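In what follows, a single structure is set out as structure tokens and then discussed.
In my numbering, the protein residues as written are 282 to 489.
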């Protein structure tokens, strides 16, 4: 699935979701707003069939800190409205928010975990999640780790190298990674290419 990532700096930016109707889904990055929780969930619900709602704090590669209690309440409201969101596994474990049918993420920014460590984290969630996303920085051994995680027996694993050649994301998609993220206007993560370029390259491999 090709995901087109869109920074949301004001409610008006939600209108740009329609500019990426050739992507499978659009990621609405609310952490680009001064107050990421200020958009009414009912407004987001108008786009429920097209968006992934993401609110990252700084430790997850986001732009700002967000009050965890308020964020948990906000995500629970999104769940009741049937919205898909992306949330860290550690946040689910801490706050007990709904995760069935959601994207659950683990970001390893400053160290490379072992394969066994990652598997132990995801086993309890993989069967109910829409996708499990593992993102790691480009340190020694990261390619082997990400490739090996695509062979653990789940078909909803998405692996993301950060700060590496964007073509590596294409290669991992061809190996079975469930999601690949590109940008609509500006990259929202290191190593992203424009989502239309991703679509073009995948069509070259698979045909139109």
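The beta-carbon is built from N, C-alpha and C at its ideal position, and this holds for glycine as well.
Every value quoted in this text rests on a predicted model; they were computed, and no experiment measured them.
Residue i versus residue j - alpha carbon distance
i           : j           : result
residue 469 : residue 337 : 11 Å
residue 474 : residue 347 : 27 Å
residue 383 : residue 424 : 26 Å
residue 302 : residue 477 : 11 Å
residue 304 : residue 449 : 19 Å
residue 292 : residue 333 : 15 Å
residue 438 : residue 316 : 31 Å
residue 375 : residue 414 : 18 Å
residue 453 : residue 328 : 29 Å
residue 465 : residue 286 : 6 Å
residue 362 : residue 339 : 27 Å
residue 402 : residue 373 : 12 Å
Alpha helix (DSSP H) segment containing residue i, residue limits
i           : result
residue 353 : 349 to 361
residue 396 : 396 to 403
residue 321 : No alpha helix (DSSP H) contains residue 321, which DSSP labels as neither H nor E.
residue 424 : 423 to 430
Where the beta strand (DSSP E) containing residue i begins and where it ends
i           : result
residue 383 : No beta strand (DSSP E) contains residue 383, which DSSP labels as neither H nor E.
residue 452 : Looking at the DSSP string, residue 452 is not in any beta strand (DSSP E); the run it does join, the alpha helix (DSSP H), is 447 to 455.
residue 365 : 365 to 369
residue 480 : No beta strand (DSSP E) holds residue 480; the alpha helix (DSSP H) holding it covers 476 to 487.
residue 468 : From DSSP, residue 468 is part of no beta strand (DSSP E); its letter is neither H nor E.
residue 337 : Taken as a continuous stretch (DSSP letters only), residue 337 belongs to no beta strand (DSSP E), as it is neither H nor E.
residue 310 : 306 to 310
residue 286 : 283 to 288
residue 414 : 412 to 418
residue 441 : 438 to 443
Cβ neighbours of residue i in the same chain (closer than 8 Å, five flanking residues each side left out)
i           : result
residue 342 : 388, 390, 416, 443 and 470
residue 411 : 365, 382, 383, 384 and 437
Contacts around residue i, its chain only, beta-carbon distance under 7 Å, and the 5 residues preceding and following it disregarded
i           : result
residue 379 : 357 and 360
residue 426 : 393, 396 and 417
residue 400 : 433
Given residue i as reference, the closest of the options once Cα atoms are compared
i           : options               : result
residue 309 : 386, 365, 460 and 436 : 365
residue 288 : 300, 306 and 312      : 312
residue 283 : 467, 319, 331 and 430 : 331
Minimum Cβ-Cβ distance from residue i to chain C less than 7 Å
i           : result
residue 344 : In summary, chain C is missing from the structure at hand, where a single protein chain is found.
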